[in-house]
Each structure stands twice: as structure tokens, then as C-alpha cells.
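As C-alpha cells, the structure follows; a few thoughts come after it.
2 protein chains.
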Amino acid sequence: MQARSMTKEGSSKVGGAGSKPGSPQGAVRMPFNERRAQILDVASDFFAENGLAGQTRQLAEKCGISQRLLYRFFPTKEDLLREVYNQEILGAFKAVWFVELQDRSQPVSVRLEAFYRDYLQSTLTRKWLRLFLYASLAEANMAPDYIAAIITQLLEVVMREVAHEKGVVLPADPALLREMAWTLHGAISHYAIRRHIYQSSLSLSEDQVVSMHVRLFVAGFADMIDACRGD
Amino acid sequence: MQARSMTKEGSSKVGGAGSKPGSPQGAVRMPFNERRAQILDVASDFFAENGLAGQTRQLAEKCGISQRLLYRFFPTKEDLLREVYNQEILGAFKAVWFVELQDRSQPVSVRLEAFYRDYLQSTLTRKWLRLFLYASLAEANMAPDYIAAIITQLLEVVMREVAHEKGVVLPADPALLREMAWTLHGAISHYAIRRHIYQSSLSLSEDQVVSMHVRLFVAGFADMIDACRGD
DNA sequence: TTATTAATTCGTCAACTGACGACAAAACGA
DNA sequence: TCGTTTTGTCGTCAGTTGACGAATTAATAA
């Protein structure tokens with residue numbers, strides 16, 4: 000994120016700020032790792048906006064460097080995409096969530112609200128969602144599917160915690176349990192999709208929306224479980 | 000990508016493989032409107048799978064015709080895409096839903112379940128979702144935004160009907176009301192996304208999932224509204 | 001049959017696009 | 001100051017890709 004400033008300069012066309020008076024052409028020199036990091040940073044935004052089919056020449060321009068230079072850091076475009084994916088998609092999940100969600104000194108609805116607020120802010124961002132959707136649609140197997148595993152864990156924790164506070168005994172079928180937690184998790188994810196992908200104009204604040212969803216989930220929890228037992 | 004040995008024999012008609020002994024190359028002749036319809040049909044599948052950036056040559060091959068022929072029916076690729084969009088996306092909404100959802104001779108949960116089952120089957124299909132997402136991501140303004148208007152209507156009907164049956168007085172703010180209905184509508188939409196885009200393996204039946212969501216919504220309805228009044 | 005019309009293909013252009021070999025120049029060390 | 005290392009660019013190749021003029025062939029009418 001602090002690379003932001005660099006990105007700006009880069010996008011402002013190298014010499015734009017008159018950095019080097021005599022620099023006839025060419026980007027400002029940068030050490031290998033720094034340049035590589037800058038490229039990744041710009042690339043994540045770039046591919047999120049333009050899709051994985053975004054062109055390397057355009058990306059290079061946004062970085063303020065020549066297209067050829069990209070290939071000094073990444074053997075192929077696919078390698079670059081994979082790196083972006085690993086950094087931006089997989090890096091967006093926090094381990095603390097598991098701890099906080101299970102901190103029973105707080106009511107479960109408070110924990111859920113806190114978690115989903117943070118989740119919306121740090122993970123379900125425009126950049127993350129767009130990259131993830133582009134990758135999913137392309138069926139690009141950029142990385143082993145850690146995400147599914149992480150979310151599965153989250154869903155199980157959510158169910159366990161709510162059930163505990165409500166004194167409800169959960170059904171045994173783990174698939175059923177996960178699907179139940181998805182009623183909450185999916186609704187909030189879809190809210191983010193509406194916001195960032197469908198560009199809907201949403202007038203309510205994120206906080207309001209989150210508490211609405213959590214409230215509904217907690218309130219209908221026991222009933223939902225009863226219904227499924229009947230099935 | 001192996002060239003389908005039989006390009007499109009599969010597409011019914013068009014005579015079996017060696018249709019005409021003497022026809023060295025070239026597709027079976029078809030009247031204008033029929034051919035046009037066939038192209039649109041194949042194209043909707045094609046672009047749903049390969050994205051709006053799918054190539055015309057590949058599409059033509061799937062249709063069993065030359066690439067040039069496409070341009071006899073559609074001036075540009077964009078025109079073709081627009082047609083596909085109008086036909087497949089906008090054509091997937093049924094007017095009966097509004098009637099059935101308001102048929103108070105049935106309990107609202109029954110109506111909701113019936114509606115969402117049908118909605119999942121007829122609208123939230125793999126083809127529809129993929130086309131819609133590709134178009135949304137590309138910010139391709141293929142058509143005036145009828146969809147938002149249709150769904151807004153649906154959401155309002157849902158809220159009105161549930162509130163009526165539960166004897167609950169609804170808040171005035173229409174934006175808030177819509178957002179509430181989205182807790183159900185979004186959760187089900189997201190279920191479809193998981194199924195068709197993320198390719199998750201979902202073990203529960205669609206019917207089970209729908210009743211779960213509806214149950215949760217109806218059960219937590221009053222509580223959710225109370226909470227929002229407090230806000 | 002023959003003329004006419006409509007369906008269909010061939011071949012090609014120009015702009016793009018990922019990739020890379022060869023070379024220029026800034027930074028660095030002694 | 002000079003040579004070496006490292007960052008960076010130029011130019012280009014080969015394969016795509018949307019688009020279209022012109023020729024070809026099947027169906028239909030006369």
C-alpha cells in the first residue's frame with residue numbers, strides 16, 4: 000500500500016514531475032526487488048480492472064517502464080498473473096479472525112459483526128473480488144485451492160459459536176452445516192459483489208448492512224436448524 | 000483444444016457427418032433467420048464459456064460455418080454480443096413470478112420456495128450467470144439496466160408479502176427494505192455463483208438449500224426489522 | 001435449361017500481442 | 001578514472017484477431 004506513492008509517480012509518466020531534467024527517456028532506476036514489488040502492485044490493480052487478458056504493453060505503461068522490462072522479473076505473463084493472484088487473493092485472509100470469532104467473552108452477534116465488517120473491508124474489496132471472479136471465470140487454476148479450505152474453517156467456527164450461545168445441538172452432517180453458514184456468508188459476499196461488480200448504488204452504510212445480516216442469521220438460527228432436522 | 004472432429008453435427012439437423020457426398024466444404028445451407036438463430040444460440044454458450052473476448056473464428060467453427068459468414072448477420076462482434084445479451088440475460092425473467100408471489104391463498108414460505116426454485120432453474124443457470132458476470136466485469140453497457148428494475152420490484156414484493164403474513168409494519172425507507180430482501184435474494188444468488196462459477200462441489204440438493212434460506216429469512220424477519228428500527 | 005437470388009467461402013489486410021535478442025546507459029567498486 | 005555489473009530500451013518476430021471485398025455455389029423462379 001505504501002507503494003501507492005511510487006505508483007502515482009510512475010503513472011505520472013516518469014519525467015512528468017520533471018524528476019530528472021535531462022532524462023531523455025527511460026524510467027527512474029530502481030533496485031531489482033523494489034521494481035518487482037512495484038510491478039506487482041500496479042499489476043494487481045491493472046488486472047483487476049482490465050481482466051486477466053489485459054495487455055502487457057498497457058501494464059508496462061502504467062508502471063512507467065518499457066514492456067520488455069516486465070520480462071526481466073517474470074518469465075511469462077502467466078507467471079506474473081500467478082504472483083499477483085498469490086499475493087492479492089491468498090494474502091487477504093487474516094488468522095486472527097479465527098481467534099476473535101471464538102472469544103466467548105463477547106456475545107456471538109458482536110463477534111460476527113466485528114468479523115464481517117473487517118472481512119468486507121480487508122478481503123471483499125473491489126480489487127480482490129474482481130481478481131477472484133476473473134480467475135474463477137477463466138477457470139485459471141492459479142493456485143491450490145487454499146481459499147475453499149479457509150472458508151470452510153470459518154463456516155464451521157461460525158456454526159459452532161452460534162450454536163453454543165443459543166444452546167442448540169447441531170446436526171451431524173458437515174455439508175449441511177456449511178451450507179447453513181453460507182446463508183450468512185454468502186449473503187454478505189453477494190452484497191460485496193453488488194457493490195463492487197454490479198456497481199449498484201447502495202445507500203445504506205456497510206455497518207448497517209452487516210448488522211442486518213447478522214441479526215437475521217442469529218434470530219432465525221434455531222428455526223433453520225429445526226427445519227433441516229425435519230427434512 | 001482439439002478441433003471437434005464433427006464441428007457441429009451435434010447441433011442436430013444439419014445432416015449427419017458426410018451429409019452431401021459432393022460437398023467438399025461448407026456448411027449445409029440454411030435460410031437467413033434460421034442460421035441467424037442458430038448462431039445466436041451457439042454464441043450464447045460460447046461466450047458464456049470463453050468470455051466476451053472469445054474469438055469469432057472459434058465461434059464460427061462451433062457453428063460449422065466460416066468466420067466470414069458471421070458478418071452477414073451481425074455487423075460487428077459487439078452487435079452480436081449485444082444480441083446475445085438481450086436474448087439470454089433479459090429474456091430470463093418471467094412475469095408470472097410477480098403474480099404467484101402475491102397469491103395469498105398460499106403461505107408465503109411456500110410461495111418463496113416455489114419462486115426461488117424456479118428462479119434457480121430458469122435464471123441463475125451457468126450460462127446466465129457467466130454471461131452476466133462477464134458483462135458486469137467488463138462494464139459493458141450492453142443494454143439499459145432493466146435487470147436492476149426487475150429485481151427491485153421482486154424485492155419489494157417479497158418484503159410486502161412476508162410482512163403481511165407476519166403482521167409486521169415495514170419501515171418506510173425503501174432502500175432499507177430492499178437491502179433486507181437482499182439478505183435472502185443475495186444468499187440464493189451467491190449459492191448459484193458458488194455452484195456455477197466457483198465450481199464448488201455442493202452435496203445438498205437445490206431444494207434443500209432453498210428451503211433452508213427461506214426458512215431462515217421468514218424466521219428472522221421480525222427480529223431483523225426490529226433491529227433496524229432501533230438503529 | 002437458364003437466369004436470378006441468396007447463402008457461403010477464400011484470401012487478405014492492418015492492428016495487436018506475447019516474447020525476446022541485442023544494445024545503451026546509469027550505478028558501483030577499486 | 002575505468003571496467004564491470006545491473007537496470008533499462010529498441011526493434012522485431014511470429015501468431016492472433018476483427019473485419020471485409022470478391023468469388024463460388026446452391027436454391028428458386030422463369
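Chains as they are written, first to last, in numbering that gives the first Met the number 0: chain A, 0 to 230; chain B, 0 to 230. Just so you know, even glycine gets a beta-carbon here, dropped at the ideal spot from N, CA and C.
Which chain B residues sit within Cβ distance under 7 Å of Glu178(A)? Leu203, Val208, Met211
Check each residue of the region 86 to 115 of chain B: if its Cβ is closer than 9 Å to any Cβ of chain A, include it; give the result in chain order.
none
Item checked: Contacts of Cys62(A) in chain B (Cβ-Cβ under 9 Å) -> Within 9 Å Cβ-Cβ: nothing; Cys62(A) doesn't reach chain B, min ~23 Å.
Could you tell me the alpha carbon to alpha carbon distance between Phe114(B) and Leu100(B), rounded to whole angstroms?
7 Å
- Item | Proximal residues to Ile88(B) (C-beta, below 8 Å), its chain only, five neighbours per side dropped | Trp127, Leu130, Phe131, Ala134, Met141, Ala142, Ile146
Exercise for review: Return the chain-ordered ranges of every alpha helix (DSSP H) run that is complete within the region 15 to 76 of chain B and spans a minimum of 4 residues.
Suggested key: 31 to 49, 55 to 62, 66 to 72
| query | Comparing alpha-carbon positions, which option in Ala36(B), Ser108(B), Met179(B), Val27(B) lies nearest Ser231(B)? | reply | Absent from the model: residue 231(B). The displayed extent of chain B is 0 to 230, so no value can be given.
- Between Asp44(A), Gln54(A), Ile196(A), His184(A), which lies nearest to Ser210(A) when the distance is taken from Cα to Cα? His184(A)
Margin query: Here's the rule I'm using: 16 or more other beta-carbon atoms within 10 Å means buried, otherwise exposed. How should Lys61(A) be labelled?
Written below: buried
For His260(A), count the other beta carbons within 10 Å of its own beta carbon; 16 or more makes it buried, fewer makes it exposed. Which is it? No information on residue 260(A) is available, as it lies outside the stretch 0 to 230 that chain A covers here.
(message) Classify Met0(B): buried if its beta carbon has 16 or more other beta carbons within 10 angstroms, exposed otherwise.
(response) At Met0(B), the pLDDT of 33 sits below 50, so the modelled position is not reliable and the matter cannot be decided from this model.
For this session: Compute the minimum distance between the beta carbon of Gln86(A) and the heavy atoms of the ligand GDP, and state whether it is under 8 Å.
Result: As far as ligands go, the structure on display features none, and thus does not contain the ligand GDP.
Between Ala180(B) and Leu154(B), what straight-line distance do the alpha-carbon atoms span, to the nearest angstrom? 5 Å
key: Within chain A, partners of Ala135(B) - CB distance below 7 Å   = It should be pointed out that residue 135(B) corresponds to Ser in this sequence rather than to Ala. Those within 7 Å of Ser135(B) in chain A are Ile196, Tyr197.
Q. Which term fits Glu33(A), buried or exposed, when burial requires 16 or more other beta carbons within 10 angstroms of its beta carbon?
A. exposed
Below 8 Å on the Cβ atoms is my contact criterion, and I expect Val167(A) with Phe220(A) to pass it. Report the Cβ-Cβ distance as a whole number of Å. 7 Å
Counting contacts by CB-CB distance shorter than 9 Å, is Gln217(A) in contact with chain B?
A small fix is needed here, since residue 217(A) is Val in this sequence, not Gln. Interface residue, yes.
> Using a C-beta to C-beta distance shorter than 8 Å, which residues of chain B count as neighbours of Trp181(A)?
Replying inline: Ala186, His189, Tyr190, Arg193
Practice problem: Could you tell me if Thr151(B) is buried or exposed, where buried requires 16 or more neighbouring beta carbons within 10 angstroms of its beta carbon? | Solution: exposed
| Between the Cα of Ile149(A) and the Cα atoms of Val95(A), Gln207(A), Leu68(A), which residue gives the shortest distance? | Val95(A)
Chain A beta carbons: is any one of them nearer than 9 Å to that of Phe46(B)? no
Fill in: Interface flag, Glu138(A) vs chain B, CB-CB below 9 Å
yes
Quiz item: What residues from chain B crowd round Leu175(A), counting only those whose CB sits closer than 9 Å?
Solution: Ser202, Leu203, Gln207, Met211
task = Answer with yes or no whether the minimum CB distance from Arg56(B) to chain A is below 9 Å.
result = no
* To do: For chain A, find out if any of its Cβ atoms is closer than 9 Å to the Cβ of Arg129(B); answer yes or no.
  => yes
Q) By how many angstroms is the C-alpha of Leu80(B) removed from the C-alpha of Gln57(B)? A) 15 Å
Rounded to the nearest angstrom, how far is the Cβ of His212(A) from that of Ala191(A), given a contact under 8 Å? Not confirmed; about 12 Å, so no contact.
In this structure, how does DSSP classify Tyr133(B) when only helix, strand and coil are distinguished? helix
| field | Ala42(B) versus Gln198(A) - alpha carbon distance | value | 26 Å
Does the beta-carbon of Ala226(A) have 16 or more other beta-carbons within 10 angstroms, so that it is buried, or is it exposed?
buried
**Helix, strand or coil at Pro247(B) according to DSSP, with G and I counted as helix** = Outside the modelled stretch of chain B, which goes from 0 to 230, sits residue 247(B), for which no answer is possible.
Open item on the list: Any beta carbon from chain B within less than 9 Å of Met223(A)'s own beta carbon?
Closed with: yes
message: So, for Met223(A): in the same chain, excluding its five sequence neighbours on each side, which residues have a beta-carbon less than 8 Å away from its beta-carbon?
response: Met179, Thr182
Contact with chain B by Arg125(A), beta-carbon distance below 9 Å
no
- Item | 9 Å Cβ cut-off: residues of chain B touching Arg228(A) | By Cβ distance, chain B contributes nothing, its closest Cβ being about 11 Å from Arg228(A), past 9 Å.
Between Arg243(A) and chain B, is the shortest Cβ-Cβ distance under 9 Å, so that the two count as touching?
The structure shown does not extend to residue 243(A), since chain A spans only 0 to 230, so no value can be given for it.
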